[in-house]
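Peer 1: Sequence order for the protein chains is A and B.
Each step along the first sequence adds one to the number in the working numbering, with nothing skipped, and position 152 is 152.
Each step along the second sequence adds one to the number in the working numbering, with nothing skipped, and position 9 is 9.
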Amino acid sequence: MNLFRLLGDMTHLLSIIVLLLKINATRSCRGVSLKTQELYAIVFVCRYLDLFTNFISLYNTVMKVIFLGSTFTIIYWMRFHKVIRVTYDRDQDTFRYQFLIIPCLLLSLILNSEFTVMEVLWTFSIYLEAVAILPQLVLLQRTNNIDNLTGNYIFLLGSYRALYILNWIYRFLTEPNYRQYLVWISGIVQTIVYIDFFYYYIRSWKNNEKLSLPA
Amino acid sequence: GMAAKQKDEL
Chain A
1 MNLFRLLGDM
11 THLLSIIVLL
21 LKINATRSCR
31 GVSLKTQELY
41 AIVFVCRYLD
51 LFTNFISLYN
61 TVMKVIFLGS
71 TFTIIYWMRF
81 HKVIRVTYDR
91 DQDTFRYQFL
101 IIPCLLLSLI
111 LNSEFTVMEV
121 LWTFSIYLEA
131 VAILPQLVLL
141 QRTNNIDNLT
151 GNYIFLLGSY
161 RALYILNWIY
171 RFLTEPNYRQ
181 YLVWISGIVQ
191 TIVYIDFFYY
201 YIRSWKNNEK
211 LSLPA
Chain B
1 GMAAKQKDEL
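1. What is the C-beta distance between L109 (chain A) and V131 (chain A), in whole angstroms, given that I count them as a contact (C-beta under 8 Å)?
2. Against chain B, which members of the stretch 46–75 of chain A pass a CB distance test of less than 9 Å?
3. Could you check the C-alpha separation between R161 (chain A) and F80 (chain A) for me, to the nearest Å?
4. So D89 (chain A) and G8 (chain A) are supposed to be a Cβ contact under 8 Å. How far apart are they, rounded?
5. Along the alpha helix (DSSP H) that carries H12 (chain A), what are the first and last residues, could you check?
6. Kindly indicate which three-state DSSP category Y209 (chain A) falls into: helix, strand or coil?
7. Could you work out which residue in A:Y194, A:E209, A:W122 is closest to V183 (chain A) when comparing CA atoms only?
8. Where do the ends of the alpha helix (DSSP H) carrying C104 (chain A) lie?
9. F72 (chain A) to W205 (chain A), Cα distance in whole Å?
10. Once the 5 residues before and after F172 (chain A) are set aside, which same chain residues still bring their CB inside 7 Å of it?
11. I'd like the list of long-range same chain contacts for F55 (chain A), defined as Cβ closer than 8 Å, with 5 residues on each side in sequence excluded.
12. Which chain B residues are close to D9 (chain A), counting only those with a beta carbon under 8 Å from its beta carbon?
13. On a Cα-Cα basis, can you pick out the residue from A:A215, A:Y127, A:Y153 that is closest to S186 (chain A)?
14. Nearest-angstrom Cα distance between I66 (chain A) and D50 (chain A)?
Structural data, given as structure tokens:
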């Protein structure tokens with residue numbers, strides 16, 4: 001484990017904490033995409049199936065459980081919490097799951113390193129994670145008055161991806177035979193998805209204005 | 001192996 005990887009994971013964790021705190025403190029999930037959260041739940045479930053078969057480290061196991069637990073908590077709040085669910089922007093969060101899930105599933109059936117259930121689901125989770133933020137970005141574009149915390153949540157998620165790329169470069173340079181092309185390409189695609197958001201986020205921060213994305 | 005190694009990332 002190198003510093004970039006640790007910082008990446010901590011940024012990812014922080015992004016989820018920011019989202020949990022925002023929803024819990026304001027009793028509102030305004031501007032948060034349930035579709036993105038549910039896609040992340042699918043990503044984590046498919047990827048962390050090895051929780052039961054392959055022990056890597058205590059760190060790894062604890063982080064996986066936290067990611068699963070926090071994502072399901074957010075989904076539960078948004079769907080069932082008496083006060084919070086009323087604040088969900090149902091009519092604006094209209095991105096269709098199948099546009100992302102079906103292509104990723106097909107791609108994982110074709111492009112994988114081993115044709116087994118575990119490996120295909122794991123690969124599917126890698127592809128799906130790359131595009132899972134799209135419903136959130138679309139919702140953000142539609143919502144005026146994006147609150148700072150939602151903007152920070154997305155900024156932290158994008159930063160986590162950028163740090164993972166640095167982690168891969170570091171590992172490539174220091175570990176013999178370290179290669180994972182599918183993961184690298186998906187990760188680069190995932191980071192590119194955030195570039196537009198980063199541009200507007202940094203611009204609004206420099207100009208001391210509220211974040212808004214052009215339609 | 002390689003497959004197990006990949007999965008040390010979250």
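C-beta: ideal position from N, C-alpha, C; glycine also.
Fair warning: this is a prediction, and the values are worked out from it, not measured in the lab.
Peer 2: Per the coordinate set shown:
1. The beta carbons of L109 (chain A) and V131 (chain A) sit about 17 Å from each other, so the pair does not count as a contact at 8 Å.
2. Answer set for the stretch 46–75 of chain A: R47, Y48, D50, N54, I56, S57, N60, M63, K64, F67.
3. When rounded, the distance between both Cα atoms is 30 Å.
4. Taking a contact as a CB-CB distance under 8 Å, the pair D89 (chain A) and G8 (chain A) does not count as one, their CB atoms being some 29 Å apart.
5. Here the alpha helix (DSSP H) through H12 (chain A) covers 3–26.
6. It should be noted that the sequence gives Glu, not Tyr, for residue 209 (chain A). In the structure shown, E209 (chain A) sits in coil (DSSP, three-state: anything other than H, G, I, E or B).
7. Of the listed residues, the one whose Cα sits closest to V183 (chain A) is A:W122.
8. Run containing C104 (chain A): 97–110, per the alpha helix (DSSP H) assignment.
9. Spanning the two alpha carbons is a distance of roughly 31 Å.
10. Correct list, in chain order: Y178.
11. Cβ within range, chain order: T61.
12. Within chain B, the residues placing a beta-carbon under 8 Å from that of D9 (chain A) are L10, ordered along the chain.
13. Among A:A215, A:Y127, A:Y153, the Cα nearest to that of S186 (chain A) is on A:Y127.
14. Distance from the CA of I66 (chain A) to the CA of D50 (chain A), rounded to the nearest whole angstrom, comes to 15 Å.
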